[in-house]
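**Q** One structure follows; several queries about it will come next.
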Amino acid sequence: MKNKRNNLWIGFGISLLATLIIGTISPVWSKGRIIKIDGSSTVYPIVEAVAEEFQKAKRGAVKVTVGISGTGGGFKKFYRGETDLSNASRPISKKEMESCKEGGIEYIELPIAYDGLAVMVNPKNNWVTSMTVGELKKIWEPAAERVITKWNQVNPAWPDVPLKLYGPGVDSGTFDYFTEAIVGKARSSRGDFTASEDDNVLVQGIATDRGALGFFGYAYYAENIDKLKLVGIDGGRGSILPSEKTVMDGTYSPLSRPIFIYVSKKSADRPEVKEFIDFFLTNASKLIKQVKYIPLPDRAYKLAEERFTRRVTGTMFGGESKVGMKIEDLLKLEEKK
Numbered sequence: 004m005k006n007k008r009n010n011l012w013i014g015f016g017i018s019l020l021a022t023l024i025i026g027t028i029s030p031v032w033s034k035g036r037i038i039k040i041d042g043s044s045t046v047y048p049i050v051e052a053v054a055e056e057f058q059k060a061k062r063g064a065v066k067v068t069v070g071i072s073g074t075g076g077g078f079k080k081f082y083r084g085e086t087d088l089s090n091a092s093r094p095i096s097k098k099e100m101e102s103c104k105e106g107g108i109e110y111i112e113l114p115i116a117y118d119g120l121a122v123m124v125n126p127k128n129n130w131v132t133s134m135t136v137g138e139l140k141k142i143w144e145p146a147a148e149r150v151i152t153k154w155n156q157v158n159p160a161w162p163d164v165p166l167k168l169y170g171p172g173v174d175s176g177t178f179d180y181f182t183e184a185i186v187g188k189a190r191s192s193r194g195d196f197t198a199s200e201d202d203n204v205l206v207q208g209i210a211t212d213r214g215a216l217g218f219f220g221y222a223y224y225a226e227n228i229d230k231l232k233l234v235g236i237d238g239g240r241g242s243i244l245p246s247e248k249t250v251m252d253g254t255y256s257p258l259s260r261p262i263f264i265y266v267s268k269k270s271a272d273r274p275e276v277k278e279f280i281d282f283f284l285t286n287a288s289k290l291i292k293q294v295k296y297i298p299l300p301d302r303a304y305k306l307a308e309e310r311f312t313r314r315v316t317g318t319m320f321g322g323e324s325k326v327g328m329k330i331e332d333l334l335k336l337e338e339k340k
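Structure (structure tokens):
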């Protein structure tokens, strides 16, 4: 009997201790203060950096999860009400706007940074330093599928080397923007290329294939500068390499663009989401530079703060990408809201 009583007390003590430990180390789960984010792999490094700093500041009181489903995949979760924020490397499309309306999801659109799409080749490629928009179109347009398969088919001055292509998947906003800017229509592309929503997969593919050509956000190139060779793009005014300066002044055209977060209006009324957005916009410039993206002018973040505070919903872009938009053009749009 004594042993039974002792065992009961031991079991009770273990149960009580476990409850106390869980309550101490997991305030997030006990309070349910979780912010769910998904979307663009291009925007991911920015939002992940902000989420890490925010969680440190909140000392575990709020958990922020950040997924990578691509811009299109992220919007699907967003308009189904599965996420609080959606990361996007292009503006919301007309179809996605309609889906949000059908799902009863109102959203606040917040531009957070600028990005240039980098075009890259393997470092062993010694024949290309620059490409025209026309050459890129010749490579990527649907008619090129299984037809343009060697470098000398694009330009006879280039060698008879197999052309291996790498790019973001079809759920990527970067894919949408690139095809619209280069081919002339969003999502209009050849299909015989290695596609991935994970930009690190594309980095490795280009880095290990002498005949490779690929594209993704400039920040991923900046993180892998020793593995890749950057190509200048001639949009009609001579060859320009992407950089903070050329993206900000608009000379790297047409492959510069704003990137966004979209906040569910319903979620914005939750204290932890409001705190996260306030933290985001207050610290955006510093953290964006740390992950090698291009911050917007301070005025843009103040305008975004005002829009969020007033809960201004909808988009400034009318469901279109606005290829070639400069920062000053974006500011003009923001000031109208």
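First residue of the sequence shown? That's 4 in the numbering used here, and the numbers climb one at a time after it.
Note that the Cβ used here is the ideal one computed from N, Cα and C, for glycine as well.
This one's a predicted model, so the numbers in the text were calculated from it and none came from an experiment.
Within its chain, find whatever has a CB closer than 7 Å to the CB of K339; leave out the 5 residues flanking it on each side and keep chain order.
**A** For K339, where only same-chain residues beyond five positions count, there are no Cβ hits under 7 Å.
**Q** From this set, V124, P159, K97, which residue's C-alpha is nearest T211's C-alpha?
**A** V124
**Q** Could you check if A64 is buried or exposed, using at least 16 other CB atoms within 10 Å of its CB as the buried criterion?
**A** exposed
**Q** Tell me whether the beta-carbon of S175 lies closer than 8 Å to the beta-carbon of S44.
**A** yes
**Q** Closest to I71 by CA distance: which of R62, K269, Q58, T86 is it?
**A** Nearest C-alpha to I71: T86.
**Q** If you draw a straight line from the C-alpha of G348 to the C-alpha of K140, how long is it?
**A** No information on residue 348 is available, as it lies outside the stretch 4 to 340 that the chain covers here.
**Q** Among the residues of its own chain, which have a CB less than 8 Å from the CB of M251, if the five just before and after it don't count?
**A** Y117, I297, I330
**Q** Three-state secondary structure (DSSP) at P30?
**A** Confidence at P30 is low in this model, with a pLDDT of 42, below 50, so its placement is unreliable and no value can be given for it.
**Q** Can you find the residues in the same chain that come closer than 6 Å, C-beta to C-beta, to G322, ignoring five residues on each side of it along the sequence?
**A** S96, K97, M100
**Q** Pick out the complete alpha helix (DSSP H) segments inside the stretch 146 to 178, 4 residues or longer, and give them in chain order.
**A** none
**Q** Here's a check: name, in chain order, each residue in its chain whose Cβ is nearer than 6 Å to the Cβ of P48, leaving out the five neighbours to either side.
**A** V294
**Q** If E308 sits next to L284, beta carbons under 8 Å apart, how far is it from one beta carbon to the other, in whole angstroms?
**A** 5 Å
**Q** Bridge partners of E112, per DSSP?
**A** Y265
**Q** With a threshold of 6 Å on Cβ separation, who are the neighbours of T249 within its own chain once the five nearest residues in sequence on each side are excluded?
**A** Excluding positions up to five away in sequence, the list reads I243, Y255.
**Q** So the alpha helix (DSSP H) L306 belongs to, where does it begin and stop?
**A** 301 to 312
**Q** Rounded to whole angstroms, what is the Cα-Cα separation between G194 and L205?
**A** 16 Å
**Q** Return the CA-CA distance between G75 and D237, expressed in angstroms with no decimal places.
**A** 29 Å
**Q** Which first and last residues belong to the alpha helix (DSSP H) in which E202 is found?
**A** The residue you asked about is not Glu; residue 202 is Asp in the sequence shown. Unbroken alpha helix (DSSP H) run through D202: 202 to 210.
**Q** Taking C-beta to C-beta, are L258 and L120 nearer than 8 Å?
**A** Taking 8 Å as the Cβ cut-off, L258 and L120 qualify as a contacting pair.
**Q** Rounded to the nearest angstrom, what separates S92 and F178 at their Cα positions?
**A** 9 Å
**Q** Pull up the distance between the alpha-carbon of W154 and that of Y265, whole angstroms please.
**A** 40 Å
**Q** Which partner residues does S96 have in the DSSP bridge list?
**A** Partner(s): none; S96 has no beta bridge.
**Q** How many Å lie between N228 and A60 at the Cα?
**A** According to the sequence shown, residue 228 is Ile rather than Asn. Approximately 32 Å between the Cα atoms of the pair.
**Q** Rounded C-beta distance between A303 and P126? I'm assuming under 8 Å.
**A** Rounded, the Cβ-Cβ distance is 36 Å, inconsistent with contact.
**Q** Between N158, V276, T318, D301, which has its C-alpha nearest I37's C-alpha?
**A** V276
**Q** Less than 8 Å separating the beta-carbons of I151 and T316?
**A** no
**Q** Consult DSSP for N128 and reduce its assignment to one of helix, strand or coil.
**A** coil
**Q** Closer than 6 Å by C-beta to F57: which residues in its own chain qualify, once you throw out the five before and the five after it? Chain order, please.
**A** F279, F282
**Q** Of the residues V67, M134, A54, D201, which one's Cα is nearest the Cα of V122?
**A** M134
**Q** Report all residues from its chain with a CB closer than 8 Å to the CB of N158; omit the five preceding and five following residues, and keep chain order.
**A** E138
**Q** What is the rounded straight-line gap between the Cα of G42 and the Cα of L306?
**A** 23 Å
**Q** Where do the ends of the alpha helix (DSSP H) carrying V69 lie?
**A** Element bounds for V69: not the alpha helix (DSSP H) but the beta strand (DSSP E), 66 to 69.
**Q** Tell me, which residues are paired with A198 by DSSP?
**A** G170
**Q** To which residues of the same chain is I25 closer than 7 Å at the C-beta, ignoring the five residues directly before and after it?
**A** Here I25 scores only 42 on pLDDT, less than 50, and its place in the model is too uncertain to base an answer on.
**Q** Note down the Cα distance separating K104 from V326, rounded to an integer number of angstroms.
**A** 25 Å
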